[in-house]
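Novice: Before I ask anything, let me first share the structure, which is written out below as structure tokens.
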Amino acid sequence: MRRCSLAVLLALLSACRTAPPARIATSAPGWTQRGGQAVWTPARGEDAVVIGLQVWTRADGECLLDVSKASLSFVLAHVTADHWRIEAATGQRHSARGLPTARVGWLQLARSLSGQAPTAPWQFERRDAGAWRLTNPQTGERFDGSLTP
């Protein structure tokens, strides 16, 4: 399992994309941008990976999350009140109406960082000094991180 997750991560890192995409005008009024870092543990017993985060949020709960490793963007998650979309640097794209699927941690991270409660079984907890933790107790997937104000 550990080799599989590492292979997936390496495949994601093999492509480069700039974010945010031009079709989302994050420079428009109402968007707030923050950057930070997190430690992502893909599943219970797997090795953790340090990732970079760029997060754009709006007061209505809309969130755009750009995840990078070694300055290469590899996941873009976009969550609104009634729609979600995720894109990988490999070109894979998935989207749907409604709440983000609980199967994709990146979508739950975007939702949580925008101030919304994650979909069960995910649990979001604010910690000291602006740090936070998002955990899926069923799979062991976890994000521990912080963002600059």
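Quick note: the sequence shown uses this note's numbering, first residue 81, plus one each step.
Don't be surprised by glycine CBs; every beta carbon is placed ideally from N, CA and C.
Under 8 Å, do THR199 and LEU214 count as touching if we go by C-beta distance?
Specialist: No, they are not a contact pair.
Novice: Is it buried or exposed, GLN134, if we count other Cβ atoms within 10 angstroms and call 16 or more buried?
Specialist: Burial call: buried.
Novice: Quick one, are the C-beta atoms of GLY125 and GLY225 less than 8 Å apart?
Specialist: Cβ atoms of GLY125 and GLY225: not closer than 8 Å.
Novice: Which whole runs of the beta strand (DSSP E) in the segment 136-165 are 3 residues long or more, in chain order?
Specialist: Listed in chain order, they are 143-149 and 152-159.
Novice: DSSP three-state label for ALA102, please.
Specialist: Residue confidence is low: ALA102 scores 41 on pLDDT, short of 50, so the model does not pin down where it sits. No coordinate-derived value is stated.
Novice: Is the number of C-beta pairs between the segment 160-177 and the segment 200-211 that are closer than 8 Å three or more?
Specialist: Output reads no: the segment 200-211 does not touch the segment 160-177.
Novice: In angstroms, rounded to a whole number, what distance separates the CA positions of PRO101 and ALA209?
Specialist: With a pLDDT of only 48 at PRO101, under the threshold of 50, the placement of this residue in the model should not be trusted; the figure read from the coordinates follows. Cα-Cα distance, rounded: 31 Å.
Novice: Could you check where the beta strand (DSSP E) with SER226 kicks off and where it finishes?
Specialist: Taken as a continuous stretch (DSSP letters only), the beta strand (DSSP E) holding SER226 covers 222-227.
Novice: Would GLN117 and GLY141 be called neighbours here (beta carbons separated by less than 8 Å)?
Specialist: Not a contact, by the Cβ cut-off of 8 Å.
Novice: I need the boundaries of the alpha helix (DSSP H) containing LEU193, first residue and last residue.
Specialist: It spans 185-193 - the alpha helix (DSSP H) in which LEU193 sits, taken as one unbroken run.
Novice: Mapping DSSP to helix, strand and coil, what is GLY115?
Specialist: GLY115: strand per DSSP, three-state reduction.
Novice: I'd like the span of the beta strand (DSSP E) that includes LEU214, first residue to last.
Specialist: Residues 211-215.
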